[in-house]
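Asker: Here it is, the structure in full.
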Amino acid sequence: NLSRKSCYFALCGIQLVEALLLVCGDKGLFYQPRGIVEQCCHFYCDYYDLENYCNT
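Laid out in structure tokens, this is it:
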């Protein structure tokens with residue numbers, strides 16, 4: 001369960017997509033081909049990192 005607390009997660013594949021959909025909600029996702037896998041799968045990211053990949 002993701003919250004606005006500074007909890008860090010290693011998210012890959014479908015878990016990463018589901019986390020983005022949860023965080024972004026109706027705003028949708030901002031397509032950026034590079035960066036998110038390196039940040040969230042190879043390392044760790046938190047709620048605020050995921051928010052950076054949402055549409056504004």
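Each residue of the sequence shown is one higher than the one before, starting from 1 at the first, in full-length UniProt numbering.
Virtual Cβ for every residue (Gly too), placed ideally from N, Cα, C.
1) Is it buried or exposed for isoleucine 14, if we count other Cβ within 10 angstroms and need 16 for buried?
2) Would the beta-carbon of cysteine 40 fall within 8 Å of that of leucine 21?
3) Does DSSP classify cysteine 12 as helix, strand or coil?
4) Is there at least one Cβ from chain C nearer than 8 Å to tyrosine 8's Cβ?
5) Taking the alpha helix (DSSP H) that glutamate 51 falls in, what are its first and last residues?
Answerer: Taking the coordinates as given:
1) exposed
2) no
3) coil
4) Looking at the structure shown, chain C is missing, and only one protein chain is on hand.
5) 47–51
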